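Okay, structure first, notes after.
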Amino acid sequence: MTVTVVGIGADGWAGLTEGARRELQGATTIHGAQRHLEYLPGEVAADRRPWPSPLLPALDDLPDGVHVLASGDPMFYGIGATLSRRRPDLALRVLPHLSCFALACARLGWPAEEVVVVSAVARDPAPVVRAVRAGRRAIVLSESGSTPAQLADLLHDAGPTPTMTVLEQLGGPREKVRTYRRSMRVDDLNVLAIDPVAPGSTDGDFEFEHDGQITKPDIRALTVAALRPSSGWIWDFGAGSGSVGISWALAGGGSVAAVERRTDRAERVARNAARAGVPLELVVGDTAELTAEMPVPDAIFIGGGLTENLAAACVGVLPPGGRLVANTVTVEGQSLVALLRNRFGGELRSYAVSDLAALGAGTAWQPRRPIVQWAYVKESS
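Per our numbering, the very first residue in the sequence shown carries number 186; after that it's consecutive.
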């Protein structure tokens, strides 16, 4: 089965190559968004079929030989890429137009290989924040005219203050390239260019909002190292401020599934994750009942609510090579992690840290409570 996908820009029929025009003039049926179909002149005699809503089921019934009209480069976050993934049985013929990304880089004079691309169309915008925090230029594919305002709010809350440029109707007669202002009315057909005004910050610069329930930076660094950051998922039980899970995600480009029974702390975790640009799934509830509903983890951190049953459930869902780390300061917790080591294996470590503090006219070392850590790595079966 062959389906031909033709990309078209805001310049419409006039912007197509001769080859693309001949392809559409010879078509019998053309599927596409209504605004794309309206670009076709009367000389195109094909049956024009606007996409229904929802779209995806319609892709499963495409007959042999039909044509699809798509926006810009169909393989760049477009219908061509969707068809390639959903219908591997198809022989796709793709005639691309210029992508909005290529046009945006050309208008701004930005080297394309130095720019991060993020789609905000029905996707988590966290990568936008992460790119800005890293000092990277970003082109954001907007869902609608309201997307720039939503991203401006998100970036304001995150702390960075980048320059934002809205590029509307790129390549067409109504093209506009403007510095974004909150009072601005933005066309639904737009992309947003974000240019950080300061050099990138390191993950260690991130300041967590907390109420005192937070793993201190030195122990946090040791814990994150034991958890081996990756681009997968970490479960953070008894998340508190979310500092361990979010630091792990920042270090490896991963995502966090955080469990916190207190609503106020759960809301704080969500705010910290949004400011950090970390994708988050948040569960407010008891740690002992939730493992079956969460994404498969690469790592698990238990900072609160450790029980033998929870540890057993976590060991059970970890994939081979997955890591589980639990920290405790109480004597009862230390007895429990010793039991868990004997049952499942792994390593126990004790960290004792002292801070320099005033003592009379001088200074002295002030010991903190020792931290005992159980670190477990699941072996292949």
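Even glycine gets a Cβ: it sits at the ideal position worked out from N, Cα and C.
Given the structure is predicted, the values throughout are model-derived calculations rather than measurements.
{"query": "Residue 421 vs residue 429 beta-carbon contact at 8 Å", "result": "yes"}
{"query": "Beta-carbon separation (whole angstroms), residue 195 vs residue 374, contact threshold 8 Å", "result": "7 Å"}
{"query": "When 342, 335 and 542 are compared against residue 371, the one with the closest alpha-carbon", "result": "335"}
{"query": "For residue 419, the residue or residues it bridges with in DSSP", "result": "441 and 484"}
{"query": "Beta-ladder partner(s) of residue 512, from DSSP", "result": "558"}
{"query": "Presumed contact (8 Å Cβ cut-off) between residue 519 and residue 557, rounded CB distance", "result": "5 Å"}
{"query": "Assigned exposure category for residue 353 - 16 Cβ within 10 Å defines buried", "result": "buried"}
{"query": "Residue span of the beta strand (DSSP E) that contains residue 190, given as start and end", "result": "187-193"}
{"query": "Between the CA atoms of residue 398 and residue 483 - distance to the nearest angstrom", "result": "24 Å"}
{"query": "Nonlocal neighbours in the same chain, by C-beta distance under 8 Å from residue 466, ignoring five residues either side", "result": "440, 441, 442, 443, 479 and 480"}
{"query": "Three-state secondary structure (DSSP) of residue 220", "result": "helix"}
{"query": "Residue 261 to residue 282 span [Cα, whole Å]", "result": "10 Å"}
{"query": "Host alpha helix (DSSP H) of residue 280 (start-end)", "result": "No alpha helix (DSSP H) contains residue 280, which is instead part of the beta strand (DSSP E) from 276-280."}
{"query": "Cα-Cα separation between residue 500 and residue 265, rounded to whole angstroms", "result": "41 Å"}
{"query": "Residue 426 and residue 394 closer than 8 Å at C-beta", "result": "yes"}
{"query": "Pairwise C-alpha distance: residue 291 and residue 278", "result": "27 Å"}
{"query": "C-alpha distance - residue 226 paired with residue 288, whole-angstrom precision", "result": "24 Å"}
{"query": "Residue range of the beta strand (DSSP E) that includes residue 324", "result": "322-326"}
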